[in-house]
Amino acid sequence: MGRKSVAVLDIRSSEICILIGERGVNNTFVFKASKTEPYDGYDDTAFFDIGKLADAISRALTAVEQICDERVRELFVGVPGAFTRVLPKEQVLGFPKRRRIGQKEIDALFASGKEELDGYRFIRATSMIYVTGDNRRVVNPVGLSSEVLSGVLSYFYCSDYFAEAMESIFADTKIALRFLPAQLAMASYLIPSETRDEYALFFDAGYMSSTLCVLMGNGILSQKTYFVGKGQIAVRLMQRFALSYDAAVALLARANLFSKDNAGRTEFSFRGETYDIDLDELVECVKEGLDEMCEAIGGFLEDCSSKELDYKPLYISGEGLADIRGALEHISKRVSRICEQLAPDLPYYNKPAMSSRIALLAMAYDDHLQSGWLNKLLNVIFGG
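Read in numbering that gives the first Met the number 0, the sequence shown has 223 at position 224, and its numbers run on one by one without any break.
Put into structure tokens, the structure is as follows:
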């Protein structure tokens with residue numbers, strides 16, 4: 000690929016996508032190739048069928064390389080919440096005398112809290128907040144003078160199982176893999192930094208797997224994955240109305256939870272079959288499925304009980320709720336919190352289902368620039 004382009008692999012709980020692109024003007028993107036493929040998903044320990052996952056990735060990789068007419072040499076892989084572990088830590092670094100803070104001191108602070116976790120490998124560390132010796136709380140301490148530097152930091156780890164699964168899939172290629180925490184990428188891209196500076200709640204609603212996060216600064220204070228999503232609601236409809244799974248998914252898109260016309264029955268046609276659907280039953284069934292999400296959100300908020308989270312809105316993205324009319328309103332009422340749906344501010348890609356792939360591309364591009372030869376040279380010259 001060209002030096003300005005990056006390739007990302009976005010692994011959701013029902014499909015994968017390989018996207019190649021680069022930054023354009025005004026913080027936009029230029030997309031060179033994209034290919035999405037369905038697969039069987041995963042549970043809290045493993046992929047359901049690693050062979051089908053490998054086939055889906057192979058088809059997507061072949062397609063984007065053919066579209067671009069060039070080989071992918073480096074691939075940034077988004078690690079789903081189910082295979083990510085986040086450790087928040089408060090680290091303190093003291094100096095013999097007052098000194099000017101630079102990247103060297105920040106790197107030393109991060110290194111002081113890095114540890115080995117059994118079954119996981121370290122992939123990234125970010126800051127939530129820094130505090131200098133005179134108790135100044137800052138987002139970036141570079142250039143300040145202090146005899147002490149402390150920080151509340153987030154350390155991100157990828158499970159060995161996930162990393163080894165990816166490495167086995169790409170074993171016969173010459174592609175270098177770099178792992179990115181998917182939820183951190185989404186939160187950082189979708190939610191403004193000034194909002195994250197004083198805590199924010201983020202819900203990545205997926206197809207079969209959804210992740211909740213408490214954000215602070217440029218890091219994550221708490222993160223937990225629940226196996227709830229659109230797919231589980233479709234299963235409820237399948238069982239309630241004796242439908243095929245695909246028909247249930249199509250019926251779910253027809254539901255409108257707060258329509259005044261929900262009384263009575265309606266005919267629903269799918270692939271030549273016609274079904275008689277009770278609208279009250281449909282709405283009730285969808286709400287039951289959404290209530291599983293609400294229970295997960297409520298339990299998470301109880302575990303993270305803090306006055307700082309009171310009255311904070313819940314920012315939601317991902318494919319899990321986007322096509323269910325009235326879902327946000329229902330969840331908002333159940334969890335007693337404003338819910339705001341987020342999506343990329345990009346033409347065509349301005350859908351919640353596109354959030355993860357665009358966010359990963361943004362993070363991958365920034366990492367690509369930081370690892371470039373010019374940036375390394377500037378760091379050597381200026382110590383930045």
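Note that the Cβ used here is the ideal one computed from N, Cα and C, for glycine as well.
Note that the C-beta distance between Pro343 and Ile357 is below 8 Å. Counting every other CB atom within 10 Å of its CB across the protein chains shown gives Thr83 a total of 16 or more, marking it as buried.
Taking every protein chain shown into account, the CB of Ile66 has fewer than 16 other CB atoms within 10 angstroms, so this residue is exposed. For Leu211, the closest of Val282, Arg70, Gly218 and Gln222 by C-alpha to C-alpha distance is Gln222.
With a contact defined as Cβ atoms closer than 8 Å, Val7 and Leu18 qualify at about 5 Å. Here Gly132 carries a coil assignment [DSSP, helix/strand/coil]. Pairing Ser149 with Val91 gives a Cβ-Cβ distance under 8 Å. As computed with DSSP, Thr265 is found in a beta bridge with Ile276. Counting the other CB atoms within 10 Å of its CB gives Thr61 a total below 16, which places it among the exposed residues. With a contact defined as Cβ atoms closer than 8 Å, Ser354 and Met185 qualify at about 6 Å.
Within the model, the alpha-carbon separation for Ile168 versus Ser305 is close to 42 Å. In the same chain as Ser158, and ignoring 5 residues on each side of it, the C-beta atoms closer than 7 Å to its own belong to Phe82, Gly118 and Tyr119, in chain order. With contacts defined as CB atoms closer than 8 Å, Leu341 and Ile315 qualify as a contacting pair. The way I'd put it, the segment 199-214 does touch the segment 296-310; three or more beta-carbon pairs between them come closer than 8 Å. Distance from the Cα of Gly23 is smallest, within the candidate group Ala361, Asp366 and Gln369, for Ala361. The beta carbons of Glu36 and Ala53 sit no closer together than 8 Å. With a 10 Å radius around the Cβ and a threshold of 16 neighbouring Cβ atoms, Thr224 comes out buried. DSSP, read as helix, strand or coil, puts Tyr347 in coil.
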